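Line order of the protein sequences matches chains A and B.
With our numbering applied, the first sequence corresponds to residues 99 to 328, in that order.
With our numbering applied, the second sequence corresponds to residues 858 to 1196, in that order.
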Amino acid sequence: MSFIIEGLQKAFALILSLDKEVFQIVLFSLRVSSIAILFSSLIGVPLGFVIGSKNFWGKKFIVVLLNNALAIPTVVIGLLVYSLISRVGPLGYFGLLYTPTAVIIGQFLLSLPIIIALTHSAIQGIDIKVRHTALTLGATEMQAAWAIIKEARFAVMSAVIAGFGRNIAEVGAAMMLGGNIKGSTRTMTTAITLETSKGEFGFGIALGILLLLISLIINIILSYFQSKKI
Amino acid sequence: MNKKVLLKIEKIKKSYQNKTVLDIDSLSFESNKIYAIVGPNGSGKTTLINILNLLDKPDEGIIIFRGKDIRQYSKQDILKIRRRMTLVHQKPFLFQTSVFNNVAYGLKLRGIATESNRTKIMNSLAIVGLTDFDKRNAHQLSGGEAQRVVIARALALEPEILFLDEPTSNIDMRHIDVIERIIKEINQKMKTTVVFTTHDLSQAYRLADEIISLLDGKIVPHVPENIFKGRIVDKEGNQYFEIADNLRFSIVTKKNGLSYIYIDPRDIIISREQFYSSARNSFKGKIVKISEQNRLIRLIVDIGVQLACVITKESFREMNLNIESMVCLTFKASAVKCY
């Protein structure tokens, strides 16, 4: 029992003293997950829009695949990207393994299906009248598409936040692709795993508390957006 | 071509799933007029209005805007024509933002400067009587207010033709009067051509300069009043049109089976008592509605179905008719026109 109390005391000391190493890891995690979510949003939102608003052959199959992709274990994504970027893999030439870029690629692939699937359902839920109304007021097809995305903005924002939530909390891909290298690719989750296995509970708990805090903030933002949904 | 003709369609056909929903030989709209498109549900009113507004394409036929076939225009030019008219849908849709931003939407699409925007937006809100509503959230409005905002949104664009699809079908009585007054004002003050669809024939009479009657996608030369669906049956060498189990009219037609009939209200004779004549149809009924229509009195009489008929004011006074009065309706078999 005492080791937990000691761990907690040390954790608060680390947080309150703004320990450099702890906050360096937190900032790295935030940076990597933010870059990954930026790219997955740039690609996922338009793709989700197209799937949600257009009818085409094989659409149902794609939706089933997407929903399935939501539950892909992070280590499977890690394995997939590892096989591609390891020295012997087809992209081995770029030397990406154990770099922040590798972690970003892994998290990008993890959050992409979430963003596509949630944007798709958000767009589908938007009244077809948005498009019609925009067209009657003189919109081009592109302007009408933008009007739909704007109307679905709260739902699309919650898709992005949900994707970010998955990125920041995952451990499998970051561990396999980043290698948990101190000062280079160590994220909050990989650090917690390592420090706990070393018996450094204080360090692990400090990062755990900060991770919970970030998750809490994300969820508050998420529920705010969801409450504003049409 | 008449210079006043703004929009014209010729030989327009449109089908959905092999069913012809619209088949119009020719129809034109002149500037500064109000047109009402009337017809029962499924008669093709909305399809027609969507084609006129260039939102839907006909399968066949041509659309002429200000004397020029629109097929001669590029896609960009068609967009420009589309932007000279606008359509207000039956159920108003407002974007999730303020009333002001909603009214500004169409102007923004056209890249019109913000300063001139403001005046146009406030003027449009003033026309629909919602001057102080600009900062309100659009989703907090009542049905009638929302309908007025969508009309203001259309007016801000200063369209040459304003199309309104069933503008009063989803709002309460109090707002119907307001919307009707607004339609008149738009036409008179802004010189906008207004084309609206309606179920309510009396509304068409009140507002429109011309009434276009649609039935099964075709233009019919009379208002769609006294139109009934039923079955033509032969009994002992005589032809009847059965509307209900215990109600049938004598008719003369070459048709058979399911059909529509139309009886011109002017062909119906109203009397207090039944009288002997050559007319094959005579029914007793109760007056359920009385209204004035172009110096005539329009009566709705319930004989099992509601039949509209018209009489002069003099006859109406002499016969001393009231709501609930029992009257007799008489009309010839040849007055029942079959489609």
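Positions of the beta carbon are idealized from the N, C-alpha and C atoms, including for glycine.
Given the structure is predicted, the values throughout are model-derived calculations rather than measurements.
Residue 228 of chain A reaches chain B at 950, 952, counting residues in chain order whose Cβ is nearer than 9 Å. Rounded to the nearest whole angstrom, the C-alpha separation of residue 192 of chain A and residue 182 of chain A is 11 Å. Interface with chain A (9 Å Cβ-Cβ cutoff): residue 1152 of chain B is excluded. Per DSSP, residue 978 of chain B is one residue of the alpha helix (DSSP H) stretching across 971-984. CA-to-CA, the gap between residue 245 of chain A and residue 236 of chain A works out to about 12 Å.
Residues of chain B with a Cβ closer than 8 Å to the Cβ of residue 236 of chain A are, in chain order, 936, 939, 940, 943, 963, 966, 967, 1014.
The C-beta separation of residue 120 of chain A from residue 112 of chain A comes to about 5 Å, placing the pair in contact by the 8 Å criterion. Looking at B:1033, B:1075, B:1195, B:1042, the one whose alpha-carbon comes closest to that of residue 1055 of chain B is B:1033. Classified as buried, residue 131 of chain A has 16 or more neighbouring CB atoms from the shown chains inside 10 Å of its CB. Annotation: Cβ neighbours of residue 912 of chain B in chain A (cutoff 9 Å, chain order): 230, 233, 234. Between residue 294 of chain A and residue 273 of chain A, the CB-CB gap reaches or exceeds 9 Å. In the DSSP assignment, residue 1006 of chain B falls within the unbroken alpha helix (DSSP H) covering 1000-1012. With contacts defined as CB atoms closer than 9 Å, residue 261 of chain A and residue 224 of chain A fail to qualify as a contacting pair. Between residue 249 of chain A and chain B, the shortest Cβ-Cβ separation is below 9 Å. Listed in chain order, the positions of the stretch 1000-1011 of chain B with a beta carbon within less than 9 Å of a beta carbon of chain A are 1007, 1010, 1011. Exclusion of the five residues before and after residue 1111 of chain B leaves no residue of its chain whose Cβ lies closer than 8 Å to its Cβ. Counting along the chain, residue 1174 of chain B sits inside the alpha helix (DSSP H) bounded by residues 1170-1175.
With a threshold of 9 Å between beta carbons, residue 222 of chain A makes no contact with chain B. Among the residues of chain B, none has a CB under 9 Å from the CB of residue 324 of chain A; the nearest is roughly 14 Å distant. If you check the CB distance, residue 1096 of chain B and residue 1185 of chain B do not come in under 9 Å. In the structure shown, residue 1076 of chain B adopts extended strand secondary structure according to DSSP, grouped into three states. Beta-bridge pairing by DSSP links residue 926 of chain B to B:921. C-alpha of residue 325 of chain A to C-alpha of residue 1106 of chain B: approximately 60 Å in a straight line. The beta-carbon of residue 257 of chain A is placed no less than 9 Å from the nearest beta-carbon of chain B.
According to DSSP, residue 1187 of chain B shares a beta bridge with B:1126, B:1139. Close CB contacts of residue 1161 of chain B within its chain, under the 8 Å cut and outside five residues either way in sequence, are with 1100, 1101, 1103, 1104, 1140, 1142 (chain order).
In this structure the stretch 919-933 of chain B does not lie against the stretch 974-990 of chain B, because fewer than three pairs of beta carbons, one per stretch, are closer than 8 Å. If you look at residue 145 of chain A, you'll find it in the alpha helix (DSSP H) that goes 118-151.
For the set A:301, A:258, A:306, A:243, the Cα lying nearest the Cα of residue 269 of chain A is the one of A:306. Within its own chain, the residues whose Cβ lies closer than 8 Å to the Cβ of residue 1003 of chain B, once the five positions on either side in sequence are excluded, are 949, 951, 995, listed in chain order.
The stretch 915-926 of chain B and the stretch 859-871 of chain B touch, with no fewer than 3 CB-CB distances between them shorter than 8 Å.
In this structure, B:981 is the residue among B:959, B:981, B:908 with its C-alpha nearest to the C-alpha of residue 1047 of chain B.
Nearest C-alpha to residue 231 of chain A among B:960, B:991, B:972: B:960. Using a CB distance below 8 Å, no part of the stretch 118-132 of chain A faces chain B. Neighbours of residue 205 of chain A across chain B, judged by C-beta separation under 8 Å, do not exist; the nearest C-beta is about 31 Å away.
Apart from sequence neighbours up to five positions away, the residues of its chain that approach residue 920 of chain B with a beta-carbon distance below 6 Å are 866, 927, ordered along the chain.
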